[in-house]
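Trainee: Numbering (my numbering), first residue to last: 36 to 301.
C-beta: ideal position from N, C-alpha, C; glycine also.
1) Could you pull out every residue in the same chain whose Cβ sits closer than 8 Å to the Cβ of residue 311, ignoring the five residues on either side in sequence?
2) Short check: CB of residue 228 to CB of residue 272, under 8 Å?
3) With a threshold of 8 Å, are at least 3 pairs of Cβ atoms found where one atom belongs to the stretch 285-296 and the other to the stretch 109-124?
4) Which complete alpha helix (DSSP H) runs does the stretch 121-149 hold, if anything under 4 residues is left out?
5) Who pairs with residue 257 in a beta bridge, going by DSSP?
6) Can you tell me the Cα-Cα spacing of residue 176 and residue 160, whole angstroms?
7) Taking contact to mean 3 or more Cβ pairs, one atom from each stretch, closer than 8 Å, check whether the stretch 77-91 and the stretch 46-66 are in contact.
8) Determine, for residue 239, whether the minimum Cβ-Cβ distance to residues of chain C falls below 8 Å.
9) Across which residues does DSSP place residue 151 in a beta bridge pair?
10) In this structure, how does DSSP classify residue 205 when only helix, strand and coil are distinguished?
11) Candidates 205, 76, 196 and 270: which alpha carbon is nearest residue 241's?
12) How would you label residue 36, buried or exposed, when you count the other beta carbons within 10 angstroms and need 16 or more for buried?
13) Kindly identify the DSSP beta-bridge partner or partners of residue 61.
Here is the structure:
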């Protein structure tokens, strides 16, 4: 390129000749300025001045494409969604694909929660059905303890055993990882969503004071919390059935936190 040509560059923040003969080109005063529009235009002009076969406009477009891959992700998630997305990004994606996931879901918003304020006919033998739901929740606990018997330090078994809100976050992450829906639609509809829905309902019952209102069909069974009724089995089906991104849209953890938030609103 030639030393004199580099020293003659125009439009930069500074062109500094060091004592050892090296030359420092400073595009902007602050490092992050190199990625804004003005900084990229300055870089493109500088390269066009140095290389006669480079067009400043084409170089600017190239820099803009690169900047989109490294620019910080500005998301508008609520707190529960942010926790879930960052856990999934950190545990399920390598560093090279993590930013891509965050950018892909930056505008993501969870599905609204279905609730009901109408009465429904009581099920026959409701206490027996409630006990069945609690037994199903215990079954999920036992299955997870057995599955992780060799990994005692894993967070999921301990969280599920304690039945706090964090257990639902751990379940969301595990559902993303394990892809239970690959077992087929009938497996999800008839078994896994049943025990996950029962567990979700029991967490709501234990932590938010929910009261079961069983239905003849489990999918229509609900919990009454703060004058509103919620459908944990339906939420579990929505979370589990379909593509992996439904875990984000129908998160169990977000479901809990939204109900908790609704209770705090007068």
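Mentor: In this structure, then:
1) It is not possible to answer for residue 311, since the shown part of the chain is limited to 36 through 301.
2) By 1-based counting over the chain shown, the position of residue 228 is 193. By 1-based counting over the chain shown, the position of residue 272 is 237. Yes, they are a contact pair.
3) yes
4) 130-139
5) Residue numbering aside, residue 257 sits at position 222 when the chain shown is read from its first letter. Paired residue(s): 248.
6) Here residue 176 corresponds to residue number 141 of the chain shown, with the count starting at 1. Here residue 160 corresponds to residue number 125 of the chain shown, with the count starting at 1. Rounded to whole angstroms, residue 176 to residue 160 spans 25 Å at the Cα level.
7) yes
8) Among the protein chains of the structure shown there is no chain C, as only one such chain exists.
9) As a working mapping, residue 151 is identified with position 116 in the chain shown. DSSP output for residue 151 lists 264 as bridge partner(s).
10) As a working mapping, residue 205 is identified with position 170 in the chain shown. In this structure, residue 205 counts as helix in the three-state DSSP scheme.
11) Numbered from 1 along the chain shown, position 206 holds the residue referred to as residue 241. Checked all of 205, 76, 196 and 270; the closest Cα to residue 241 is 196.
12) Working through the chain shown from its first residue, we reach residue 36 at position 1. It is exposed - the Cβ of residue 36 has fewer than 16 other Cβ atoms within 10 Å.
13) Position 26 of the chain shown holds residue 61. Beta-bridge pairing links residue 61 to 49.
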